[in-house]
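This report refers to the structure that appears directly beneath it.
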Amino acid sequence: MTEHVVVVGGGMVAHRFVEALRARDTARAFTVTVLAEEDRAPYDRVALSAFFSGTAPDDLALGDPTLWSDGSVDLRLGSAVTALDRGSRTVTTAGGEVVGYDHLVLATGSYAWVPPLPGADLPGVFVYRTVQDVVALRDWVHARAAELDRPVRGAVVGGGLLGLEAAGALHGLGAHTTVVEFAPRLMALQVDEGGGATLRRIVEGLGVTVRTGAASEAVEAGPDGRVGGLRLTGDDAALPVDVVVVATGVRPRDELAAPAGLATGQRGGVLVDDHCRTADERVWAVGEVANIQGRCLGLVAPGYSMAEIVADRLLGGEATFPGADLSTKLKLLGVDVASFGDAFGQAPGALEIVHSDPVAGTYKKLVLSDDARVLLGGILVGDASGYAALRPMVGAELGSDPALWLLPEDAGARPRTELPDAAQVCSCNGVSAGEVRASVAEGCHDLPAVKACTRAGTSCGSCVPLVRKLMAVSLAEAGLAVSSAMCEHFAMARAELFNAVMVSGLRRWSEIVGRFGTGRGCDICKPAVASVLASLYDEHVLAEDRAALQDTNDRVMANLQKDGTYSVVPRVPGGEILPDQLLLIGQVAKDFGLYTKITGGQRIDLFGARLEQLPAIWQRLVDGGMESGHAYGKALRTVKSCVGSSWCRYGVQDSVGLAVMLELRYRGLRSPHKIKLGVSGCARECAEARGKDVGLIATENGWNVHVGGNGGFTPRHAELLVEDVDTETAVRVVDRYLMYYVRTADRLQRTAVWQADHEGGLERIREIVVDDVLGLGADLDAQMARHVESYEDEWAAVLRDPERLAQFASFVNAPDTPDPTLAYVEERGQRRPATDAERAAGPVLIASTTLEVRS
Amino acid sequence: MTAVAARPGLVDLCALDRLVPDLGVAALVGDEQVAVFRLADGSVHAVGNLDPYSGAAVMSRGITGSRGEVPTIASPVYKQVFSLVDGQCLDAVGMDPRPGRGPDLPVYGVRVDHGRVLLDPRPVR
């Protein structure tokens, strides 16, 4: 026998209640009808301002929409309830519909309260509460801007949380905005005087005018009968404005209660006990309309708690309201503001530590117990990065030097304090550190799983960094392997993806992510997919839709440097270079003012090239017969050689000849990581070939081929793969080794690690690439042959293609203007990026260096 | 089609056709640099071009993507990930922003009108 729950109201708390009931009522003991006044399904009112940054109203929808198509939930939009009859257990809607209930949940929320202000009913006066409100406000501002042919002037009455939200919206719409607050500071309920002063400075710095201690007397009409001014007490003239937003607070929508004989609080709100129940055991109230423990709470977190309590109670549980956590962290007008615990230091003997930095625009205060050990609360303005770590510490000891907690996060000095299990991590959903740890122990091994399991971080998200940290520590403690999934979009490792793409024959990102992945990808999986496609099909790195998949280095075919300029490395096969090409490189460097350095791979690196200069630089190099060196790619870099038998007294083979041949053979080969080769002409090993992924060392009879070496962070010597083979055999073995590596290695895995991790190690790899026990040889040979045949110089191809060249503009609306933030100083006759100190100290060479004669 | 430039406060950056899906461009608006992205789903987003973690003006050259449902942009320098919706830094990869900079990117209102990309030069947040 099912019971019928009627929810009056369709806001965030109503949504949470239905979600909680549906999730926990596995026996389907309840059916639910939601009577919502607004015409849209429950949405994220807290994120309302996101509407002005391009978020469509539908994107604000809460939760999984299938909740509403669940057979036992009936969401009726545009159904305001106008009467409640407890005797007959029915409610009546404005449309005259009568709905019976077994249990009634009042979740009507609040309305924007407008004080008795003459003129508040004029056209051009708005409140800020619903999607409808913000749409109307936007349309009005746009229309007025068009009519007036000048920026719209707006005023916000109220400088609290909501008022600053509204001011942000007006400001964002291009209006000249004034915030009028009656109290002596902004956000008087959340921050103290010092915090308010900092907040004011930052807000004013954004171009918003702030009037505190100012009383609004009347909204005045202009000659056209619409809003024309806002009169403030004591001012000679009214503030000229074209739009007014009233944000003076909210009041509970409790009008159903009194006529139905339910008690309301002195300042409104339906009176409920700690179980959210009214005097009538079948009627409950949750969220802003509920007057619990003597007050109404205007934050979503306690509302969610109440929703969970009622769901629990209906199912026979014992949940009780724990008291409200009024902590808030917000970003208003781009300014971080956080307030938590006993923010105003009202506890007897409470001590305060204040760190105020007017230069950085930050104000931070910690409230501590009288022995200066236990954290009671705090206020953070301008930089609230410490909020996620501090808020759960309320009630806990901060260690011997609490002031360290006011330093920026990750500054290193902050004491490492283990959070107690009971500490609340996510205040929106009431999740403790212990629950996060337990979820990891129960099998949630990545962030999405922990969030789904505990709900931590699913509302405002401010605790996500903390949740991630807790999860990582728990995982490490349990000795759990991290999943081999490449990222949140692909559950497979690169080798599996390689096979999947190869077998499916798919060539476009959208098809590949659609078939094998999820979401829009990221900076990890997109370049990996691009690399796989490049290895498989030998097409241009920017072919089809691939430019957007590439890291900036591959996208512009140059190496990004710290200041956003690039370095350019033309290929010098085997390190052998014509004098004319040396002169060309030198002339290009001089003409473009590029810093020049010899690389470890026997070529020349030219630094400081701006994005828009790259085509001109490459045109010169290509005209002079040079080509891309792929220094930017996960690809073959160089084949280093010693001078070998042609000049050296000791050389036994032509190492330069083989190096040039190999470099031209493998140039452009895309791989899981960079690949370097070396060829030495005798056993003295002057080319340091054993420090390379593939190193060939000459013998009296031919070549020894070594594989799996590298320098870098973990240097490795390459191991012998085959001995004393002729050139043809050596090349075939290297072909197969490289191609097998390209197919099966993990993302960013160098050959050394790959062959150590390969099942059976180098021994097994030798069986596969030399003895061909798997019969893969012909396939690997064919793939390499295709690569060699289809090679073309990437840069030459781009220079022929006007569409790709257009991507090299510095600015879409000023294609040749250099990045104005670039600054250089001279050092040892060349230039290098200026340091912060040098920039601050005075004149530096700005982008167009004096050395540059053409661009 | 030139009439759109008359809307006060908005800056006409370029034709929508100039934006290749998921390939960002930088735009110069007064002294400010803005990174503009047209995503594969057709939406257009604009954030500050200055990367708070490297100090370089390079955000337009990052890779777009998503974290959960949130469209994102990753810095090409040290790979921090930012929301394209509200500019929030979603993954600082353990780094601090450069001195004097907050962790997040400013977000700009941007819209498409008669095939032109129009930007409100005052950051929304």
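Chains as they are written, first to last, in my numbering: chain A, 1 to 855; chain B, 856 to 980. From the three backbone atoms N, C-alpha and C, an ideal C-beta is built for every residue, glycine too. Predicted, not measured: the structure shown is a model, and the values here were computed from it.
Query, Result
"Nearest-angstrom Cα separation, counted from Q550 (chain A) out to L878 (chain B)", "10 Å"
"Cβ-Cβ distance between R716 (chain A) and K674 (chain A) below 8 Å", "no"
"Chain-ordered neighbours of D563 (chain A) on chain B, where CB pairs are closer than 7 Å", "A911"
"Which listed residue (A:D336, A:G268 and A:G249) has its alpha carbon closest to that of L299 (chain A)", "A:G249"
"Cβ neighbour criterion (16 or more within 10 Å) applied to I604 (chain A)", "buried"
"Positions along the segment 508-522 of chain A whose CB lies within less than 8 Å of some CB in chain B", "S510, G519, R520, G521 and C522"
"Proximal residues of chain B, C-beta to C-beta of T55 (chain A) below 8 Å", "V940"
"Separation of V114 (chain A) from R267 (chain A), as counted between CA atoms", "15 Å"
"Supposed close pair V243 (chain A), A175 (chain A) - CB separation, criterion 8 Å", "7 Å"
"Cutoff 8 Å: V179 (chain A) Cβ touching any chain B Cβ", "no"
"Proximity to R24 (chain A) [Cα-Cα], best of A:A61, A:D39, A:G316 and A:A493", "A:G316"
"DSSP state of T55 (chain A) mapped onto helix, strand, coil", "coil"
"In DSSP terms, what D85 (chain A) is bridged to", "A:T90"
"Residues of the segment 927-938 of chain B whose Cβ lies closer than 8 Å to any Cβ of chain A, in chain order", "T927, A929, P931, V932, K934 and V936"
"Whether L406 (chain A) touches L366 (chain A) by CB criterion (8 Å)", "yes"
"8 Å contact criterion, which G269 (chain A) and D254 (chain A) should meet: CB distance rounded", "6 Å"
"Cut-off 6 Å between Cβ atoms - residues of its own chain near R571 (chain A), not counting five sequence neighbours on either side", "E627 and G629"
"R40 (chain A) versus A:W68, A:G341 and A:R22, residue with shortest Cα-Cα distance", "A:W68"
"Limits of the beta strand (DSSP E) - the one that H355 (chain A) falls within", "L351 to D357"
"Chain-ordered residues of the segment 82-96 of chain A with a beta carbon less than 7 Å from chain B", "none"
"R211 (chain A) beta carbon less than 8 Å from that of E181 (chain A)", "yes"
"Touching by the beta-carbon criterion (3+ pairs, under 8 Å), the segment 643-652 of chain A and the segment 675-693 of chain A", "yes"
"Straight-line gap, V73 (chain A) to V32 (chain A) (C-alpha atoms, nearest Å)", "5 Å"
"Closer than 8 Å to chain B by CB, G172 (chain A)", "yes"
"Nearest candidate by alpha-carbon position, reference Y740 (chain A), set A:D772, A:T729 and A:N710", "A:D772"
"Identified DSSP bridge partners for K329 (chain A)", "A:A338"
"As assigned by DSSP and simplified to three states, the class of T821 (chain A)", "coil"
"Beta carbon of R977 (chain B) nearer than 8 Å to that of D867 (chain B)", "no"
"Integer Cβ distance of R282 (chain A) from R89 (chain A), believed to fall under 8 Å", "7 Å"
"DSSP three-state assignment for I768 (chain A), whether helix, strand or coil", "helix"
"Extent of the continuous beta strand (DSSP E) to which G229 (chain A) belongs", "V227 to L232"
"CA nearest to the CA of P579 (chain A), picked from A:G95, A:E612 and A:G625", "A:G625"
"Chain B contact for G334 (chain A) (CB, 8 Å cutoff)", "yes"
"Sub-8 Å separation of I524 (chain A) and C487 (chain A) beta-carbons", "yes"
"Chain B contacts made by the segment 809-829 of chain A, where a contact means CB separation under 9 Å", "A809, S810, F811, V812, N813, A814, T817, D819, P820, T821 and L822"
"Alpha-carbon spacing of Y595 (chain A) relative to L664 (chain A), whole angstroms", "27 Å"
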